[in-house]
Amino acid sequence: MHAFYADHFVLPLPSGHRFPMAKYARLRERLATELPEVALHEALPASDGELALVHTPAYIDAIAHGTLAPALQREIGFPWSPAMAERARRSVGATLQAARRVMAQGGGLAANLAGGTHHAYADKGGGFCVFNDFAVAARLMQAEHLRRHGPRAPLQVAIVDLDVHQGNGTARIFANDASVFTLSLHGAKNFPFRKEPSDLDVELPDGARDDEYLHALDLALDELERRFEPGLVLYLAGADPHEGDRLGRLKLSFDGLEARDRRVMGWAARRGLPLVFAMGGGYGHDLEATVQVQVNTYRVALEHERRWQAQAVRSATTPAGMRWHNARP
Ligand SMILES: [Zn+2]
Numbered sequence: 001m002h003a004f005y006a007d008h009f010v011l012p013l014p015s016g017h018r019f020p021m022a023k024y025a026r027l028r029e030r031l032a033t034e035l036p037e038v039a040l041h042e043a044l045p046a047s048d049g050e051l052a053l054v055h056t057p058a059y060i061d062a063i064a065h066g067t068l069a070p071a072l073q074r075e076i077g078f079p080w081s082p083a084m085a086e087r088a089r090r091s092v093g094a095t096l097q098a099a100r101r102v103m104a105q106g107g108g109l110a111a112n113l114a115g116g117t118h119h120a121y122a123d124k125g126g127g128f129c130v131f132n133d134f135a136v137a138a139r140l141m142q143a144e145h146l147r148r149h150g151p152r153a154p155l156q157v158a159i160v161d162l163d164v165h166q167g168n169g170t171a172r173i174f175a176n177d178a179s180v181f182t183l184s185l186h187g188a189k190n191f192p193f194r195k196e197p198s199d200l201d202v203e204l205p206d207g208a209r210d211d212e213y214l215h216a217l218d219l220a221l222d223e224l225e226r227r228f229e230p231g232l233v234l235y236l237a238g239a240d241p242h243e244g245d246r247l248g249r250l251k252l253s254f255d256g257l258e259a260r261d262r263r264v265m266g267w268a269a270r271r272g273l274p275l276v277f278a279m280g281g282g283y284g285h286d287l288e289a290t291v292q293v294q295v296n297t298y299r300v301a302l303e304h305e306r307r308w309q310a311q312a313v314r315s316a317t318t319p320a321g322m323r324w325h326n327a328r329p
């Protein structure tokens, strides 16, 4: 399984800043030692043209040159620096490369070790998000699919956002776009306090535990399935619903989060859908707990990827008429 990282583009933060930047390098370190089947690649930066599939030229330019209005820069939550701009581009690039991987192989999974920057709008950032990687990936994969297959069977993309915070930027970007389904399962009382309507929003009360969460997720996936037929799934596997999170306000256990990942990845796998996942938020009192949730996500993903690989090999040796194929070629 392939995964893309950009954590070595270190963004300088003032001392005492509450963003846990170290978690990205730590995740990469643990994957390299504990899950060597995950092939780690340095992410390429997203280009202006790719970003412009979603973001306004003025915003892209302001991020590139550090000329964003101070109030908008504060909303992002990071001070501007050339490294911040570079890191933001690479973080989108990582999701783009992961998406190209799974689309090219027609199934299976790939990942971004960061990403899931769902609070970014077309013309502004917010909540530690500069550009919206899932939104750019959805639009770019649709464009590439159109070039490859023509307009008859356009690529539909489902965004399954299970970060504890609502995917407000993503919801707004695709508000009038029927080809992308936005599902967000989040804390009702958590940031952002002005939420944007997704195609499907599921709000959870403070303190929600595993059973309640997983039941809500099952219903949400059922409804997604009734209303939409995706050819690609983008999964935001936020670690912040964990009970040890400083900002999450929910009470999911390690097992509960692993069951969550299993549900989403299993759901996509049973339908033969390629899936890209990104890490999103995670602000554990103990940074190791956040990284543990993420490592568990990779473990579950690897199980599914192995199964998919085995199936792909089997189908290559069976008669053409019986071949496994993607739900949407
Ligand atoms: Zn979050």
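Under the UniProt record's numbering, the residues of the sequence shown are numbered 1 to 329, in order. Where is the CB? At the ideal position from N, CA and C, for every residue including glycine.
How is S91 classed by DSSP in three states: helix, strand or coil? Along the sequence shown, one-based indexing puts residue 91 at 91. S91: helix per DSSP, three-state reduction.
Which residues are close to ligand 1, meaning CB closer than 6 Å to any heavy atom, in chain order? For ligand 1, the residues with a Cβ under 6 Å from any of its heavy atoms are, in chain order, D163, V164, H165, G238, D240, G280, G281.
Pairs of beta-carbons, one from the stretch 54–74 and one from the stretch 8–25, closer than 8 Å: are there three or more? Contact between the stretch 54–74 and the stretch 8–25 is absent, because fewer than three Cβ pairs lie under 8 Å.
By the DSSP assignment, the alpha helix (DSSP H) with S315 in it spans what residues? If you number the sequence shown from 1, residue 315 lands on position 315. Counted as a single uninterrupted DSSP element, the alpha helix (DSSP H) harbouring S315 occupies residues 287–316.
V160: first and last residue of the uninterrupted beta strand (DSSP E) it sits in: Start at 1 with the first residue of the sequence shown, and residue 160 comes out as number 160. Counting along the chain, the beta strand (DSSP E) containing V160 begins and ends at 157–161.
Give the DSSP bridge partners of S184, in chain order. Start at 1 with the first residue of the sequence shown, and residue 184 comes out as number 184. In DSSP, S184 forms a bridge with D161, D201.
In the DSSP assignment, the alpha helix (DSSP H) including F19 goes from what residue to what residue? On the sequence shown, residue 19 is found 19 positions in, with the first residue counted as 1. In the DSSP annotation of this structure, F19 is not part of any alpha helix (DSSP H), being labelled neither H nor E.
For Y5, does the three-state DSSP call read helix, strand or coil? As a working mapping, residue 5 is identified with position 5 in the sequence shown. Assigned with DSSP and collapsed to three states, Y5 falls in strand.
State the DSSP-derived secondary structure class of D245, mapped to helix, strand or coil. Walking along the sequence shown from the start, residue 245 turns up at place 245. D245: strand per DSSP, three-state reduction.
Tell me the rounded alpha-carbon separation between W324 and W308. Numbered from its first residue, the sequence shown carries residue 324 at position 324. Numbered from its first residue, the sequence shown carries residue 308 at position 308. Residue placement at W324 is poorly supported in this model, since its pLDDT is 48, which falls under 50; the coordinates still yield a value, given next. Straight-line Cα distance between these residues: approximately 10 Å.
Entirely enclosed alpha helix (DSSP H) segments - the stretch 25–97, minimum 4 residues: Within the stretch 25–97, the runs of alpha helix (DSSP H) at least 4 residues long that lie entirely inside it are, in chain order, 48–51, 57–65, 70–76.
Residue from A104, H65, A69 with nearest C-alpha to E86: For the purposes of this step, residue 86 is taken as the residue at position 86 of the sequence shown. It is H65.
Please report the straight-line C-alpha distance between F19 and Y59, rounded to a whole angstrom. Counting from one through the sequence shown, the residue named residue 19 turns up at place 19. Counting from one through the sequence shown, the residue named residue 59 turns up at place 59. The straight-line gap from Cα to Cα measures roughly 23 Å.
Are the beta-carbon atoms belonging to D163 and G281 less than 8 Å from one another? The residue labelled residue 163 in the question sits at position 163 within the sequence shown. The residue labelled residue 281 in the question sits at position 281 within the sequence shown. Closer than 8 Å, so yes.
Alpha carbon of L257 to alpha carbon of V295, nearest angstrom: Residue numbering aside, residue 257 sits at position 257 when the sequence shown is read from its first letter. Residue numbering aside, residue 295 sits at position 295 when the sequence shown is read from its first letter. One alpha carbon belongs to L257, the other to V295, and they sit about 11 Å apart.
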